[in-house]
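J.: Supplied in structure tokens, the structure appears directly below.
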Ligand SMILES: Cc1cc2nc3c(=O)[nH]c(=O)nc-3n(C[C@H](O)[C@H](O)[C@H](O)COP(=O)(O)OP(=O)(O)OC[C@H]3O[C@@H](n4cnc5c(N)ncnc54)[C@H](O)[C@@H]3O)c2cc1C
Ligand code: FES
Ligand code: FES
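Numbering (the working numbering), first residue to last: 1 to 471.
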């Protein structure tokens, strides 16, 4: 089941007739001999395989970093793939020079990944700042230099960009003029516009589907390569929109789409920061909400958030749609209510109005780039000092991502007094049944969950739930 895939690789057009599930990493290293793309963990953890992916979105060129080890070559169709070999033609780029000057590289295995991530950040066209530059290398790990020298490089690069705010196209011109990018980048937008995607999204899905691939390539890489037929869920069109007081999110929307959505940021202030707790930037750029729901991990971050928003799943077999509340979807550990010919098309939730609060909390062994030991989301709506809606979810506390029915409904028609909020926390603790595992003991997780509930209520009602209550 080979397919024809065409894309621009650095400055050359590549036309390949390949297994579409082949990882881009293997294609680049073995077919194109681009060995600057390194194979480290093959699990999305180290960033040694990072590449920049350019595509046309809303009629303009956009670049993002992805882990090529988890990326099916089918998704490169019609795109610009940039490896470290495509970043400079004659001289080293200022980022590479700064890595040398600051002693940020030793064996060099991780270095191409860091350079790619930072270059992609500079192309982003956003108001550049140091914190976001550091976030951009959150998915890159160096095993021998130590991160202090790399952080020094980031600082020196950012110092030369301070106060620079450029739109995408202007930004590319500027980066070319300063030798951060080679001149061929000037023509990429027009070349991509002329290079049509050969593969089109299909409506009927009876085969294994690869969305972002961030779960599938970690869990079933060999199966995917051998599988006779796979489908690909392409990221297309307007993925997050409103209709009749509801917000709709396509299942193919990625964690980055959620974090970048002005709509969601307006509805839930701070939403972008909640999403930053999910994996690393390259993982967020690929991980879809459909994949997160189907992964059915008890600690899925997006699933936890969607549960507290009382979301509904729009499930289809390509012809008919049925709508199912997310909190009725899971039937047991990794089992759910979905027929083999069905897939999730989109998710929707009602846009809240009036006075309401939303918060997401996650504790993991590392703050970033780690899955949660325990996570929790809470949504509360008030009317005249009375709680009229409450939805609390918790992850890592049961075999499924858990909606806390009793603790949530206890709060309805109550005032937000200390007694009521603490009573609801105690009810929530009775509703969960964590187990001992590598992420912590059952007792530890229960204590953690209690603290997360306090954190929600402290943010919502700081004058009632004060830090002193916890002591
Ligand atoms: C390094 C790393 C860090 C991670 N960090 C986090 C984290 O912090 N938090 C977290 O929650 N998860 C994390 N994950 C897990 C993973 O990224 C998420 O579960 C992600 O949302 C999966 O989406 P995907 O598009 O990559 O799924 P895929 O791997 O493409 O697919 C997963 C499953 O979902 C199915 N599927 C996908 N879309 C649909 C659909 N629309 N309808 C029906 N079935 C569908 C696929 O067929 C497959 O069975 C991490 C993974 C890695 C590798
Ligand atoms: S090889 Fe480690 S993230 Fe791809
Ligand atoms: S320089 Fe050796 S892993 Fe980073």
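In this text, a Cβ means the ideal position worked out from N, Cα and C, and glycines have one as well.
1. Have a look at the DSSP bridge pairing and note the partners of residue 52.
2. Going residue by residue through the stretch 288 to 346, where are the continuous alpha helix (DSSP H) segments of at least 4 residues, counting only ones entirely within it?
3. For residue 244, count neighbouring C-beta atoms within 10 Å of its own C-beta (all shown protein chains included) and say buried if the count is 16 or more, exposed if not.
4. Going straight from the alpha carbon of residue 167 to that of residue 174, what length do you get?
5. On a Cα-Cα basis, can you pick out the residue from 409, 441, 464 that is closest to residue 427?
6. Between which two residues does the alpha helix (DSSP H) holding residue 271 run?
7. Excluding the five sequence neighbours on either side, which residues of its own chain have a C-beta within less than 6 Å of the C-beta of residue 321, listed in chain order?
8. Any heavy atom of ligand 2 closer than 7 Å to the Cβ of residue 385?
9. Buried or exposed for residue 308, going by 16 or more other Cβ atoms inside 10 Å?
10. Is any non-hydrogen atom of ligand 2 found closer than 7 Å to the C-beta of residue 67, if you look at the structure I gave you?
11. Measure the Cβ-Cβ separation of residue 301 and residue 277 and say whether it is below 8 Å.
12. Helix or strand or just coil, what does DSSP make of residue 159?
13. Taking DSSP as the reference, what is the three-state secondary structure of residue 259?
14. Ligand 3 and residue 109: does any heavy atom of the ligand fall closer than 7 Å to the residue's C-beta?
15. Could you tell me the alpha carbon to alpha carbon distance between residue 181 and residue 55, rounded to whole angstroms?
16. Would you kindly work out how many angstroms separate the C-alpha atoms of residue 133 and residue 37, rounded to a whole number?
17. Just list the residues that DSSP pairs residue 1 with in beta bridges.
18. On the three-pair Cβ rule with 8 Å, is the stretch 62 to 82 touching the stretch 204 to 219?
19. With which residues is residue 437 paired in a DSSP beta bridge?
20. So, at 6 Å on beta carbons, what are the nonlocal neighbours of residue 204 in its own chain, with the 5 sequence-adjacent residues on each side left out?
21. Could you tell me whether any non-hydrogen atom of ligand 1 is closer than 7 Å to the CB of residue 218?
22. Please determine whether the Cβ atom of residue 75 lies at a distance below 7 Å from any heavy atom of ligand 2.
23. For the pair the stretch 387 to 398 and the stretch 431 to 439, tell me if three or more CB-CB distances fall below 8 Å.
24. Bridge partners for residue 254 per DSSP, in chain order?
25. Which word fits residue 90, buried or exposed, when buried means at least 16 other C-beta atoms lie within 10 angstroms of its C-beta?
26. Is the stretch 284 to 296 in contact with the stretch 373 to 385, if contact means three or more CB pairs nearer than 8 Å?
27. Excluding the 5 residues preceding and the 5 following residue 354 in the sequence, name in chain order all residues of the same chain whose CB lies nearer than 8 Å to its CB.
28. Quick check: what's the CA-CA separation for residue 21 versus residue 344?
29. Does any heavy atom of ligand 2 sit closer than 7 Å to the C-beta of residue 468?
30. Closer than 7 Å: is that where the CB of residue 286 sits relative to any heavy atom of ligand 2?
31. Take the Cβ of residue 403 as the centre, count every other Cβ of all protein chains shown within 10 Å, and call the residue buried at 16 or more, exposed below.
32. Between the Cα of residue 398 and the Cα atoms of 121, 304, 16, 459, which residue gives the shortest distance?
33. I need the boundaries of the alpha helix (DSSP H) containing residue 226, first residue and last residue.
34. For residue 336, which residues in the same chain have their Cβ closer than 7 Å to its Cβ, ignoring the five residues on either side in sequence?
35. Taking 7 Å as the cut-off, is the C-beta of residue 142 nearer than that to any heavy atom in ligand 2?
36. Would you mind sorting residue 196 into buried or exposed? The rule is 16 or more other CB atoms within 10 Å of its CB.
T.: Result, derived from the coordinates:
1. 65, 82
2. 289 to 295, 301 to 308
3. exposed
4. Because the pLDDT of residue 167 is 49, which lies under 50, any placement of that residue in the model is unreliable, and the question is left without a value.
5. 409
6. 271 to 275
7. 314
8. no
9. buried
10. yes
11. yes
12. helix
13. helix
14. yes
15. 17 Å
16. 21 Å
17. BP columns for residue 1 are empty, so no partner.
18. yes
19. 440
20. Confidence is the limiting factor: at residue 204 the pLDDT is only 49, short of 50, which leaves the residue's position unreliable and the question unanswerable from this model.
21. yes
22. no
23. yes
24. 288
25. exposed
26. no
27. 381, 382, 383
28. 21 Å
29. no
30. no
31. buried
32. 304
33. 216 to 226
34. 296, 329, 330
35. no
36. exposed
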